[in-house]
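Colleague: When the count follows my numbering, it moves up by one through the sequence shown with no breaks and lands on 342 for the last residue.
Next up is a structure, given as structure tokens.
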Amino acid sequence: MRKHKILIMEDGDLGASIAGVFKAIGPQNLKDKRVLVKPNMLRPARPDECVVTDPEIIAKTVSFLVAEGADVVVGDNPMPDRKYPHETEVAECCGFIDASQQRFRNIGKYSKRVKTPKNLLKEFYVSREILDCDLIVSLPKYKTHELTTMTLSVKNHFGIIPGGFKPYVHSLFPGIEDFSRVLVEIYQIRPPDIIIMDCLRIVDAKGTKFNPGKIIAGDNGHAVDYACALMAGINPLRIPTVRIALDEGLFDPAKIEYIGRLEKIRGFSLPFAFPFRNSVVEFVSRILYRIWLGRVPIIDSRVCTRCSSCENVCPPRAVKRQQVDYGKCIKCYCCLEVCPVQAIKIKFKIT
Ligand code: SF4
Ligand code: SF4
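Set out below in structure tokens:
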């Protein structure tokens, strides 16, 4: 196994740091390469909430790639909600539209079925952009997570599957161990080529904000996550995806070469580990995701113009003559995105 370079860059000129990352670990010729930049767009959130990727990192990454002649798309596909039913509205709220130089796109709109019979998740849908691009640049946010302790590079890549299909996967694998294994499996379908972790302004499990002003970069997400856990002051094997990746031989901590100072973030708190914590979190998650699965697309026949766009875009072919087969629907909400007259709304329905 070759060495994993991990670059820890701080303060100073963010644009120069990002250029330095590409020089150290990226392809040197980016001209005409189709590059997908994948930030973390968990939910509509202002940058100062520190739960989505800082728009500044997106802006500097896009500027660098465009200057190098790359064809850049910035994309994610979070789950829409009633207030923000369309992805671009979520991106606008997060500051991603301007940061991306208007290159933001809903990558969940067109997806492709992937069969992985040897994996826990035997079949799922992946954004076509992920499978078709030449290079993926992942921009995860450094943050904590109730289920997996921290949510880092591997969890950010869960966003390659369409919007509402994510809670479906959660509901199939509510256990922390199985869900983490599924995350690693999805990550390995098409791992990112470069990871630039946003550790500029962060928030811990108690809500305390920190300003480390750092980016942590590498070309192996498991090694980046290992380094991030060390910075949080925990044994990296406490993060299930790191432990599983190590067991599977997907990285080797002994092969990590740190460039820059690997320092602990003093006072950074992680989710409280009480007895039976995992069982409680799994139980609550199972209920929440079951409730979420009741959110289905409903077509208003009074508004519908019978254009068939929803039928054509639906990955599992669940729409036929403006009727949704909820047994087949995977809740990706692509139909919602393509409907030209907003005839489709998300509503709770017992199916
Ligand atoms: S009907 Fe099809 S496109 Fe719409 S949410 Fe369901 S699976 Fe996705
Ligand atoms: S996309 Fe909208 S208008 Fe077109 S058929 Fe579907 S619901 Fe009707």
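Backbone N, C-alpha and C define an ideal beta-carbon position, used for all residues, glycine too.
Given 7 Å as the limit, tell me if GLN313 has its C-beta closer than that to any heavy atom belonging to ligand 2.
Modeller: yes
Colleague: So who's on the other strand from PHE95, going by DSSP bridges?
Modeller: VAL65
Colleague: What is the residue span of the alpha helix (DSSP H) that LEU56 lies within?
Modeller: 46 to 58
Colleague: Considering only residues of the region 144 to 183, which uninterrupted alpha helix (DSSP H) runs meet the minimum length of 4 residues and lie entirely inside it, listed in chain order?
Modeller: For the region 144 to 183, whole alpha helix (DSSP H) runs of length 4 or above, ordered along the chain, are 144 to 147, 156 to 163 and 167 to 180.
Colleague: Check whether the Cβ of ALA334 lies closer than 7 Å to any heavy atom of ligand 2, and answer yes or no.
Modeller: Taken from the Cβ of ALA334, at least one heavy atom of ligand 2 lies inside 7 Å.
Colleague: Would the beta-carbon of GLY215 fall within 8 Å of that of MET188?
Modeller: Before going further, note that residue 215 is Val rather than Gly in the sequence given. A contact, by the Cβ cut-off of 8 Å.
Colleague: Quick one: is the Cβ of ILE321 within less than 7 Å of any heavy atom of ligand 1?
Modeller: yes
Colleague: Mind listing, in chain order, the continuous alpha helix (DSSP H) runs of no fewer than 4 residues lying wholly within the region 282 to 308?
Modeller: 300 to 304
Colleague: Anyone know if the C-beta pair for THR139 and THR232 falls short of 8 Å?
Modeller: yes
Colleague: Tell me which residue opens and which closes the beta strand (DSSP E) that MET0 is part of.
Modeller: Note, MET0: beta strand (DSSP E), -5 to 1.
Colleague: Does the Cβ of SER292 have 16 or more other Cβ atoms within 10 Å, making it buried, or fewer, making it exposed?
Modeller: exposed
Colleague: Just the C-alpha distance for THR135 and CYS295, rounded to the nearest angstrom, thanks.
Modeller: 43 Å
Colleague: Taking only the alpha-carbon atoms, compute the straight-line gap between ASP62 and VAL53 and give it to the nearest angstrom.
Modeller: Spanning the two alpha carbons is a distance of roughly 10 Å.
Colleague: Could you tell me which residues DSSP pairs with ILE247 in its beta bridges?
Modeller: HIS(-5)
Colleague: So for GLY209, helix, strand or coil by DSSP?
Modeller: Here GLY209 sits in strand by DSSP.
Colleague: Go through its chain and collect everything with a Cβ distance to ALA82's Cβ below 7 Å, but skip five positions before and after it.
Modeller: Counting only Cβ-Cβ distances below 7 Å, and skipping sequence neighbours, we find MET32, ILE88 and PHE95.
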